[in-house]
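Comments concern the structure below.
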Amino acid sequence: MLVLAIDTSGTGCAAAVYDSAAAEVLARAGANIGRGHAERLMEFVDEALLAADRQLSEIERIAVTVGPGSFTGIRVGVAAARGLALALGKPAVGITTLEVAAENARLTTPGQAVLVVIDAKRDEVYAQLFDAFGRAKDEPEILSVTEARARFSGVEGVVCGSGASLVRPSPVSDVPTDGVPDNIDIAVVARLGAGADPASAKPKPLYLRGPDAKPQAGFAVTRA
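Residue numbering for the sequence shown is 1040 to 1263, as defined by this note's numbering.
Right under this line is the structure:
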């Protein structure tokens, strides 16, 4: 199966073509662009397809990161994945940034449970616990740093992510703090996407916190 993987969940923007039969990334393209994902994403998709010597019509599945991460970036990626899947008549699946981080840690230190903690700023973190096989043991959630410290004080295993040191000052392993939304491994997104169930992994944004933008009630126009 040929999978087109897309990530726009952070400041990075990336695409990759993955051959699940060969368990190989055929090509990838992307850059840390900060903003402007909507303007650059299809450019990177085209670059990845060209480098892989594949046509878009050959793609059999779309995999996209769904968050938590950049509110705008996630919307861009999910919309693109849905549009491509509709045009191709192929399934699309959503992969969370927490799943990607957990898989990175699991590959580095196999045989251990993994707690992913991503710094959500404002004295909060995104967190989720996975078992040694990469299966989620709870739902992703946003917690205050104080709540997370209390909740996970007795957790055994690998603690990773940009918020690891906030929850556990001395992590139990030396796994790098990767898995930050700005540092997603597109190859892992592709591989997880190939193994995901399209029936249960529909690509929809995972917003654990509402958008920063608030309606300005004082400027609302009265409707007749």
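Think of the CB as a built atom: it goes at the ideal place given N, C-alpha and C, for glycine as much as any other residue.
For this session: Can you grab the Cα-Cα spacing for the pair R1188 / A1118, in whole Å?
Result: Position 149 of the sequence shown, counted from the start, is the residue given in the question as residue 1188. Position 79 of the sequence shown, counted from the start, is the residue given in the question as residue 1118. Going by the C-alpha atoms only, they are around 35 Å apart.
For this session: Measure from the alpha carbon of A1229 to the alpha carbon of each residue in Q1094, G1112, E1099, then state which is nearest.
Result: Along the sequence shown, one-based indexing puts residue 1229 at 190. Nearest option by C-alpha distance: E1099.
Problem set entry | Three-way DSSP call (helix, strand, coil) for G1133 in this model | To locate residue 1133, count along the sequence shown from 1; it is residue 94. If DSSP states are grouped into helix, strand and coil, G1133 belongs with the strands.
For this session: Using the Cα positions of A1175 and Q1167, report the straight-line distance between them to the nearest angstrom.
Result: In the sequence shown, residue 1175 corresponds to position 136, counting from 1. In the sequence shown, residue 1167 corresponds to position 128, counting from 1. When rounded, the distance between both Cα atoms is 7 Å.
For this session: Specify the secondary structure class of A1054 as computed by DSSP and reduced to three states.
Result: Indexing the sequence shown from 1 puts residue 1054 at position 15. Looking at A1054 - three-state DSSP - the assignment turns out to be strand.
For this session: Pick out whichever of V1139, F1191, S1048, A1140 has its Cα sitting closest to the Cα of R1074.
Result: What you label residue 1074 is simply residue 35 of the sequence shown in a count that begins at 1. Nearest option by C-alpha distance: S1048.
Exercise. Can you tell which of V1056, F1110, S1204 has its C-alpha closest to the C-alpha of T1185?
Worked result: In the sequence shown, counting from the first residue as 1, residue 1185 sits at position 146. Nearest option by C-alpha distance: S1204.
For this session: Can you give me the start and stop residues for the alpha helix (DSSP H) that E1086 sits inside?
Result: Within the sequence shown, the letter at position 47 stands for residue 1086. E1086 -> alpha helix (DSSP H) spans 1076 to 1091.
Problem set entry | Beta-carbon spacing of D1046, I1157 below 9 Å | Against the sequence shown, residue 1046 aligns to sequence position 7. Against the sequence shown, residue 1157 aligns to sequence position 118. Result no, Cβ atoms of D1046 and I1157 do not sit closer than 9 Å.
Exercise. Alpha carbon to alpha carbon, how far is G1218 from L1137?
Worked result: Position 179 of the sequence shown, counted from the first residue, corresponds to residue 1218. Position 98 of the sequence shown, counted from the first residue, corresponds to residue 1137. Low confidence applies to G1218: its pLDDT is 39, below 50, so where it sits in the model is not reliable, and the reading given next is rough at best. If you take the alpha carbons of G1218 and L1137, they lie about 7 Å apart.
Exercise. Beta-carbon separation of Y1165 and E1180 under 9 Å?
Worked result: For the purposes of this step, residue 1165 is taken as residue 126 along the sequence shown, with counting starting at 1. For the purposes of this step, residue 1180 is taken as residue 141 along the sequence shown, with counting starting at 1. In contact: Y1165 and E1180 (Cβ atoms closer than 9 Å).
Exercise. Can you list, in chain order, the residues of its chain whose CB lies under 6 Å from that of P1210, leaving out five sequence neighbours each side?
Worked result: Here residue 1210 refers to the residue found at position 171 of the sequence shown. Because the pLDDT of P1210 is 49, which lies under 50, any placement of that residue in the model is unreliable, and the question is left without a value.
Exercise. Can you name the start and end residues of the beta strand (DSSP E) that L1154 belongs to?
Worked result: In the sequence shown, the residue the question calls residue 1154 occupies position 115. Counting along the chain, the beta strand (DSSP E) containing L1154 begins and ends at 1153 to 1160.
Problem set entry | Secondary structure of R1207, DSSP reduced to three states | As a first step, residue 1207 is located in the sequence shown; it is residue number 168 there, counting from the start. Reduced to three states, the DSSP call for R1207 is coil.
Problem set entry | Segment contact, 8 Å Cβ cut-off, at least three pairs: the stretch 1057 to 1071 with the stretch 1085 to 1093 | yes
Problem set entry | Cutoff 6 Å; reference I1101; Cβ partners in own chain excluding five residues on either side | One-based indexing of the sequence shown puts residue 1101 at position 62. Cβ within range, chain order: L1043, A1120, L1123, A1124, A1131.
Exercise. G1112: which of A1060, V1194, C1052, R1190 sits nearest, CA to CA?
Worked result: The sequence position of residue 1112 within the sequence shown is 73, counting from 1. Among A1060, V1194, C1052, R1190, the Cα nearest to that of G1112 belongs to C1052.
Exercise. Taking V1194 as the reference, which of Q1151, G1173, E1163 has the closest Cα?
Worked result: Residue 1194 sits at position 155 when you count from the first residue of the sequence shown. For V1194, the nearest C-alpha among the options comes from Q1151.
Exercise. Going straight from the alpha carbon of L1056 to that of T1148, what length do you get?
Worked result: Here residue 1056 refers to the residue found at position 17 of the sequence shown. Here residue 1148 refers to the residue found at position 109 of the sequence shown. Checking the displayed sequence, the identity of residue 1056 turns out to be Val instead of Leu. In a straight line, the C-alpha of V1056 is about 26 Å away from that of T1148.
For this session: Return the CA-CA distance between R1161 and S1192, expressed in angstroms with no decimal places.
Result: On the sequence shown, residue 1161 is found 122 positions in, with the first residue counted as 1. On the sequence shown, residue 1192 is found 153 positions in, with the first residue counted as 1. Roughly 21 Å between the two C-alpha positions.
Problem set entry | Residue burial classification, S1201 (beta-carbon count within 10 angstroms, cutoff 16) | What you label residue 1201 is simply residue 162 of the sequence shown in a count that begins at 1. Buried is the call here.
Problem set entry | Nearest-angstrom beta carbon gap, G1116 and T1135 [assumed within contact, 8 Å] | Against the sequence shown, residue 1135 aligns to sequence position 96. Against the sequence shown, residue 1116 aligns to sequence position 77. The Cβ separation is near 12 Å, so there is no contact.
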